[in-house]
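Comments concern the structure below.
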Ligand SMILES: *[C@@H]1O[C@H](CO)[C@@H](O)[C@H](O)[C@H]1NC(C)=O
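Residue numbers (mature numbering (1 follows the signal peptide of the UniProt record, and there is no 0)): -19 to -1, 1 to 139.
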């Protein structure tokens, strides 16, 4: 009797555990998991992603943040900004047609148009110019800075 009860509960619980496989990486969201699935570190995205869509066939993705987001990237403290909507196409080791991420370097804002994973490095493409950084700099997903200032201002009547 005990054995069959055990078996029954096992069979009931089994589908539940299959539906929710333990992620092998500590990816905070599905969007972060998509990065690791394609050979990229999670730190390319801020911690909090509101919504995310991908066409599994083409790799075209759209992701939505809770607003524009500012992050200071280690180790050189480049300031990066994310639009509230970021789009592109992700395939194994490559993110192309990227829109929505800009980096401040050499006193200018640069739009990151693509990112490639190359061995232990990430190659950031800004048009035809590229810059290489160790992937391990992006192992942690950071929270947006100064979140309060990017939220829409509450219109106070008083
Ligand atoms: C996904 O991408 C494929 C290949 O480009 C395309 O044929 C298909 O229509 C796309 N699906 C959606 C829902 O956009």
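Glycine residues also receive a C-beta, built at the ideal position from the N, C-alpha and C atoms.
By a C-beta neighbour count over all protein chains shown, 10 Å radius and 16 as the cutoff for buried, is residue i buried or exposed?
i           : result
residue 122 : buried
residue 75  : buried
residue 127 : exposed
residue 105 : buried
residue 21  : buried
residue 15  : buried
Tell me whether residue i sits in a helix, a strand or coil according to DSSP, three-state version.
i          : result
residue -9 : Annotation note: pLDDT 45 at residue -9 (below 50); position unreliable, coordinate value reported separately. Reduced to three states, the DSSP call for residue -9 is helix.
residue 88 : coil
residue 54 : strand
residue 17 : helix
residue 66 : strand
residue 26 : coil
Give a yes or no on whether the C-beta atoms belonging to residue i and residue j are separated by under 8 Å.
i           : j           : result
residue 60  : residue 80  : no
residue 24  : residue 120 : yes
residue 91  : residue 109 : no
residue 167 : residue 49  : There is no way to answer for residue 167, as the model of the chain reaches only from -19 to 139.
residue 42  : residue 35  : yes
Tell me which residue opens and which closes the alpha helix (DSSP H) that residue i is part of.
i          : result
residue 38 : Note, residue 38: premise wrong, no alpha helix (DSSP H); not H, not E.
Please report the residue range of the beta strand (DSSP E) in which residue i lies.
i           : result
residue 111 : 110 to 115
residue 95  : 95 to 99
residue 106 : 102 to 107
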